[in-house]
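Student: This is the structure, below, for whatever I ask next.
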Amino acid sequence: MAYVNNIKMFVRVFELGSMSAAARDQRTSPAVASARIAELEKHLGVRLFNRTTRRLQPTENGRLFYEGARKVLEAIDDAEAAVMASTQNLRGTVFVAAPLGVGRRFIAPHVPEFKDAYPQIDVRLRLSDRKIDVIGEGLDMAFHLGLLEDSTLKMRLIAECPRILCAAPAYIAARGDPETGERLIGEKHDCLNLRFPGAPEFQWALLTPDGLKRFEVAGPFETDDGDVLTGWALDGRGIVMKPIFEVADYLRDGRLVPVVRDTPPVPVQLTCLTQHRRLRDPKIRAFTDFIIEKCRAELTKAMQGITLTDLSVKPT
Numbered sequence: 154m155a156y157v158n159n160i161k162m163f164v165r166v167f168e169l170g171s172m173s174a175a176a177r178d179q180r181t182s183p184a185v186a187s188a189r190i191a192e193l194e195k196h197l198g199v200r201l202f203n204r205t206t207r208r209l210q211p212t213e214n215g216r217l218f219y220e221g222a223r224k225v226l227e228a229i230d231d232a233e234a235a236v237m238a239s240t241q242n243l244r245g246t247v248f249v250a251a252p253l254g255v256g257r258r259f260i261a262p263h264v265p266e267f268k269d270a271y272p273q274i275d276v277r278l279r280l281s282d283r284k285i286d287v288i289g290e291g292l293d294m295a296f297h298l299g300l301l302e303d304s305t306l307k308m309r310l311i312a313e314c315p316r317i318l319c320a321a322p323a324y325i326a327a328r329g330d331p332e333t334g335e336r337l338i339g340e341k342h343d344c345l346n347l348r349f350p351g352a353p354e355f356q357w358a359l360l361t362p363d364g365l366k367r368f369e370v371a372g373p374f375e376t377d378d379g380d381v382l383t384g385w386a387l388d389g390r391g392i393v394m395k396p397i398f399e400v401a402d403y404l405r406d407g408r409l410v411p412v413v414r415d416t417p418p419v420p421v422q423l424t425c426l427t428q429h430r431r432l433r434d435p436k437i438r439a440f441t442d443f444i445i446e447k448c449r450a451e452l453t454k455a456m457q458g459i460t461l462t463d464l465s466v467k468p469t
């Protein structure tokens, strides 16, 4: 098993380009990660990486070994999955990522219940609003809320999620309701933006009488946490774009009200993204099916009593 662990460490170092990053990924120390790579190099009699001050660069032998090593690990995963499927003895660890808001509301509360049902499966849940690299970060699945780009991952649609532009009554009293995307920009309204390293320029995709149009918005505040944006909006600091389910309670009690209703945002999709080969793993299927069912029920509950017509948002 030690040799397999050395191979696992090598693959993660190769994919992440960093000994420390791979150590964190494998939940060990950089010293242990370095020792495993050194042991593997000694066994093979070749150098697998060239060490530089900034990054580990794989050697030609390292590149050759990676292709075979990855296939070995995939074969082990498939063999273990086949045994678990035949015995229904589901065990192991599921690595999951989700946006902060979705994870806190719809996933994290149900992980203990899943663990009760499958006591031999551990769940490692990462919450972040940044863009997630499912393959590069060694994840089994990632929940995604947004407009999905082309992807080689298997996608399961959970729900279509209408969005809304909204603000606190105090902001509207001070600045007015811009009503359209053109006025939103022309009147220089304060737009509260989600921003993280590597994010593109701020653009809000709105549905206009002439079709979809992107508006370059700006404002005094930005963050990488969607719930912080909601807090700023409640404080009267600007206009925020949100999936309706995230702000439904505030819309019901009037702490936030719809704005820019003549040009509403493009809806987004809540999806579950999985590597194709991981779908053969019964523990991955079990967790995916369980959480998707819970997500759909929670979304229905969150939207209860709210319709697009009530909010003067045009359906798409």
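Numbering-wise (this note's numbering), the sequence shown opens with residue 154 and increments by one.
Cβ coordinates follow ideal geometry from the N, Cα and C atoms, glycine included.
Here the structure is a predicted model, which means the values were calculated and not measured.
1. So the candidates are Leu409, Asp434 and Phe368; which of them puts its Cα closest to the Cα of Asp388?
2. Please confirm whether Asp282 and Gly379 have their CB atoms less than 7 Å apart.
3. Can you tell me whether Lys161 is buried or exposed, with buried defined as 16 or more other CB within 10 angstroms of its CB?
4. To the nearest angstrom, how far is it from the Cα of Glu213 to the Cα of Leu201?
5. On the DSSP bridge assignment, give the partners of Trp385 in chain order.
6. Would you mind stating whether Cys344 and Ile397 have Cβ atoms separated by less than 7 Å?
7. Using alpha carbons as the reference points, say which of Pro272, Ala270, Leu278 and Ile274 lies closest to Val255.
8. Whole angstroms is fine: what's the gap from Arg449's alpha carbon to Ile311's?
9. Skipping 5 residues on each side, what residues in its chain have a beta carbon closer than 8 Å to that of Ile459?
10. With H, G and I counted as helix, E and B as strand and the rest as coil, what does DSSP make of Thr441?
11. Please classify Gly221: is it buried, with 16 or more other beta-carbons within 10 angstroms of its beta-carbon, or exposed?
12. Measuring alpha carbon to alpha carbon, tell me which of Lys195, Leu337, Pro252 and Phe259 ends up nearest Val370.
13. Tell me the DSSP bridge mates of Cys344?
14. Contact between the stretch 418-429 and the stretch 308-325 is defined here as three or more beta-carbon pairs at a separation below 8 Å; is this criterion met?
15. Does the Cβ-Cβ distance between His429 and Lys268 come in under 7 Å?
16. Out of curiosity, what's the CA-to-CA distance linking Gly215 and Ser182?
17. Considering Cα atoms alone, identify which of Asp231, Glu399, Asp178 and Pro252 is closest to Asp377.
18. Helix, strand or coil for Val421? Go by DSSP, reduced to three states.
19. Could you tell me if Pro322 is buried or exposed, where buried requires 16 or more neighbouring beta carbons within 10 angstroms of its beta carbon?
20. Flag this pair as yes or no: are the beta carbons of Gly289 and Glu168 separated by less than 7 Å?
21. Kindly indicate the opening and closing residues of the alpha helix (DSSP H) around Val166.
22. Taking Asp293 and Val225 to be in contact with their CB atoms under 8 Å, please state how far apart those CB atoms are, rounded to whole angstroms.
23. Assuming Glu451 and Phe259 make a contact with CB atoms under 8 Å, what is their CB distance in whole Å?
24. Go ahead and label Lys341 buried or exposed: buried means 16 or more other beta carbons lie within 10 angstroms of its beta carbon, across all protein chains shown.
25. Please return the same chain residues whose Cβ sits closer than 8 Å to the Cβ of Met172, not counting the five positions on each side in sequence.
26. For the putative contact between Ile317 and Lys395, defined by C-beta atoms under 8 Å, what is the C-beta separation to the nearest angstrom?
27. If you run the structure through DSSP and keep just helix, strand and coil, what is Val400?
28. Look up Ile274 in the DSSP assignment and give the residues it is bridged to.
29. What are the start and end residues of the alpha helix (DSSP H) that includes Gly334?
30. Nearest-angstrom Cα distance between Asp361 and Gly339?
Tutor: On the basis of the supplied data:
1. Leu409
2. Between Asp282 and Gly379, the C-beta gap is smaller than 7 Å, which places the two residues in contact.
3. Classification of Lys161: buried, given that the 10 Å Cβ count is 16 or more.
4. Our two residues, Glu213 and Leu201, have alpha carbons roughly 8 Å apart in a direct line.
5. Paired residue(s): none; Trp385 is not in a bridge.
6. no
7. Looking at the Cα atoms, Leu278 is the closest of the given residues.
8. 7 Å
9. Ile397, Ala401, Leu404 and Arg405
10. It is helical.
11. exposed
12. Comparing Cα positions, the closest option is Leu337.
13. Ile392
14. When C-beta atoms of the stretch 418-429 are compared with those of the stretch 308-325, three or more pairs fall below 8 Å, so the two segments count as touching.
15. no
16. One alpha carbon belongs to Gly215, the other to Ser182, and they sit about 22 Å apart.
17. Pro252
18. strand
19. exposed
20. yes
21. Ala155 to Leu169
22. Not confirmed; about 18 Å, so no contact.
23. 5 Å
24. exposed
25. Val166, Pro183, Ala186, Ser187, Ile190 and Leu209
26. 6 Å
27. helix
28. Gly245
29. Gly334 to Gly339
30. Note that residue 361 corresponds to Thr in the displayed sequence, not to Asp. So the alpha carbons of these two residues sit roughly 15 Å apart.
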